[in-house]
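J.: Residue numbers (the UniProt record's numbering): 1 to 434.
If you scroll down you'll find the structure; I have some questions about it.
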């Protein structure tokens, strides 16, 4: 990239750009752990074109996860070109690019700009608790005898430079760079203290806006910088549960269903899971249990158990984990909840959404477009170039598809969740610590 030039219910960011509003379109690109995706947005925040490719993970040995950066770069270029083409546009109509990226992943380079290692991603069972990449790079300066540079907090909606014109034919300004969950929080317009976002993708992430005060808990919620725009610094508290989408994908690989969209109907076709419980722990259990040695398991299997019971048990386990995270947040983050908004691919499953709403006894808003990491990156980019004016404009553009309201009392689930908790406890400490 070249350096910067010398010269239904809704909400958005504070950073007015001077001068006339920009014509054109903005790109929101999300580099996820399983998919790299790009959307083209117009001024009404409508998606005009899209492209996505699966990210291939490499597993050189047990507990290691890597991504080939050369392949990822080619995918980065491809999804941008394909999304702009799908929108029927030319590259010179793009006024800004916002990038959202997975966290806890890094790549090292030598002075000649050659990569020393492939991108190192989350290390499976070896990382208990939150995904903090600094844990992984702490000793690298000593190993490679490098000088250490102090960290600094930069703006997330900012002119970071431009993509060289030799790549796309014209220079495209990179004007937003943000982590995926913070980007989704911004895209959901969770701008006020007490606003909550529930992302259900590869894993589950529950975030609450804590204003300008960082907060953490002993149960597994950790403090994050949400975003910095101008003088505004917004903090979040976050808890996570792994293997949400992973469990559904695994079940699909076992031919329990052909398409993930089928699972909602399968679960609803039964009164219950007939006493079958699933523990979603392919990579250990995170908050509030924090056990990296837990195993994934089915319990309560019978000769009468069929694939419908298994699928329902998997979906129920996602809702039960949501309940656990929400209870920890309420108990240890002492901020009243204002509203809850959901996003991520799994939130398209209305069975999981309704059960979660019932379990936590709260209303949950699902947007029309669930790729909120892309929306957040595009929103920050649009603010930086004057495509949109402020948070209030962004709020008005957010579209709600459906609002889930509690339909059953928590007590109706209490026995089943109690049995599921027993299954979880029996799955804990299964593997030996390494």
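For every residue, glycine included, the Cβ atom is placed at its ideal position computed from N, Cα and C.
Enumerated in chain order, which unbroken segments of the beta strand (DSSP E) with a length of 3 residues or greater are wholly contained in the stretch 154-220?
T.: With a minimum length of 3 residues, the continuous beta strand (DSSP E) runs that stay inside the stretch 154-220 are 172-179, 195-200, 204-209.
J.: Going by other Cβ atoms of all chains shown within 10 Å of its Cβ, with 16 needed for buried, is residue 210 buried or exposed?
T.: Counting Cβ neighbours within 10 Å, residue 210 comes out buried, since at least 16 surround it.
J.: Among 370, 279, 77, which residue has its Cα nearest to the Cα of residue 172?
T.: It is 77.
J.: Looking only at DSSP bridge pairs, what is residue 30 linked to?
T.: 37, 100.
J.: If I follow the unbroken alpha helix (DSSP H) through residue 397, where does it start and stop?
T.: 391-397 is the span of the alpha helix (DSSP H), which, as asked, contains residue 397.
J.: Determine contact between the stretch 374-392 and the stretch 170-190, defined as no fewer than three beta-carbon pairs at a distance below 8 Å.
T.: Yes, since at least three Cβ pairs between the stretch 374-392 and the stretch 170-190 fall closer than 8 Å, the two stretches touch.
J.: Quick one: residues in its chain with C-beta nearer than 7 Å to the C-beta of residue 335, no 5 flanking neighbours on either side, listed in chain order?
T.: Contacts found: 193, 194, 208, 210.
J.: Taking only three categories from DSSP, how would you classify residue 74?
T.: Here residue 74 sits in helix by DSSP.
J.: Helix, strand or coil: how does DSSP classify residue 44 here?
T.: The answer is coil: DSSP assigns residue 44 none of H, G, I, E or B.
J.: If you compare alpha carbons, which of 275, 281, 232, 268 is closest to residue 245?
T.: The shortest Cα separation from residue 245 among 275, 281, 232, 268 belongs to 281.
J.: I'd like to know whether the C-beta atoms of residue 294 and residue 430 end up nearer to each other than 8 Å.
T.: Taking 8 Å as the Cβ cut-off, residue 294 and residue 430 qualify as a contacting pair.
J.: The beta strand (DSSP E) with residue 283 in it runs from where to where?
T.: Taken as a continuous stretch (DSSP letters only), residue 283 belongs to no beta strand (DSSP E), as it is neither H nor E.
J.: Determine the contact status of residue 184 and residue 329, defining contact as a CB-CB distance below 8 Å.
T.: No; because the gap between Cβ atoms is not below 8 Å, this pair is not in contact.
J.: What separation, rounded to the nearest whole angstrom, lies between the Cα atoms of residue 217 and residue 283?
T.: Going from the Cα of residue 217 to the Cα of residue 283 covers about 22 Å.
J.: Going by DSSP in three states, residue 299 sits in which element: helix, strand or coil?
T.: Correct three-state label for residue 299: strand.
J.: Who are the near neighbours of residue 149 in its chain, counting only those whose CB is closer than 7 Å to its CB and skipping five residues on each side?
T.: With a pLDDT of only 49 at residue 149, under the threshold of 50, the placement of this residue in the model should not be trusted; the figure read from the coordinates follows. Excluding sequence neighbours, residue 149 sits near nothing in its chain.
J.: When you compare the CB positions of residue 198 and residue 98, do they come within less than 8 Å of one another, or not?
T.: Contact flag unset, no.
J.: Would you mind working out which of 388, 395, 412 sits nearest residue 360, comparing C-alpha positions?
T.: The option with the nearest alpha carbon to residue 360 is 412.
J.: Under 8 Å, do residue 326 and residue 300 count as touching if we go by C-beta distance?
T.: The answer is no: Cβ separation not under 8 Å.
J.: To the nearest angstrom, how far is it from the Cα of residue 36 to the Cα of residue 55?
T.: So the alpha carbons of these two residues sit roughly 6 Å apart.
J.: Mapping DSSP to helix, strand and coil, what is residue 69?
T.: Helix, per DSSP.
J.: Name the residue from 62, 84, 42 whose alpha carbon lies nearest to the alpha carbon of residue 50.
T.: Checking every option, the nearest Cα to that of residue 50 belongs to 84.
J.: So residue 310 and residue 298 are in contact, right, with Cβ under 8 Å, and what is the actual spacing, rounded?
T.: Yes, they are in contact, since the Cβ atoms of residue 310 and residue 298 sit about 7 Å apart, within 8 Å.
J.: Classify residue 272: buried if its beta carbon has 16 or more other beta carbons within 10 angstroms, exposed otherwise.
T.: It counts as exposed.
J.: Is the separation between the beta-carbon of residue 435 and that of residue 169 shorter than 8 Å?
T.: This structure does not reach residue 435, given that the chain is present from 1 up to 434, and the question cannot be answered.
J.: Out of curiosity, what's the CA-to-CA distance linking residue 126 and residue 332?
T.: Note that residue 126 scores a pLDDT of 37, beneath 50, so its modelled location is shaky and nothing firm can be said.
J.: Hey, quick one: how far does the alpha helix (DSSP H) through residue 248 stretch, first residue to last?
T.: 244-253 is the span of the alpha helix (DSSP H), which, as asked, contains residue 248.
J.: List the residues that DSSP assigns as beta-bridge partners of residue 227.
T.: 234.
J.: If you run the structure through DSSP and keep just helix, strand and coil, what is residue 414?
T.: The answer is helix: DSSP assigns residue 414 an H, G or I state.
J.: With distance defined between alpha-carbon atoms, name the residue in 402, 358, 401 nearest to residue 410.
T.: Among 402, 358, 401, the Cα nearest to that of residue 410 belongs to 358.
J.: Using DSSP bridges, identify the partner residues of residue 333.
T.: None, per the DSSP bridge assignment.
J.: Is it right to say residue 425 is buried, meaning 16 or more other beta carbons lie within 10 angstroms of its own, or is it exposed?
T.: It counts as exposed.
J.: Tell me the DSSP secondary structure of residue 321 in three-state form.
T.: Three-state DSSP puts residue 321 in a helix.
J.: Let me confirm a value: residue 400 is counted as buried when at least 16 other C-beta atoms fall within 10 Å, else exposed. Which label applies?
T.: So residue 400 ends up on the exposed side.
J.: Taking the continuous alpha helix (DSSP H) assigned at residue 375, which residues delimit it?
T.: Note, residue 375: alpha helix (DSSP H), 372-384.
J.: Mind checking whether residue 318 and residue 200 have CB atoms under 8 Å apart?
T.: Their beta carbons are under 8 Å apart, which means residue 318 touches residue 200 by this criterion.
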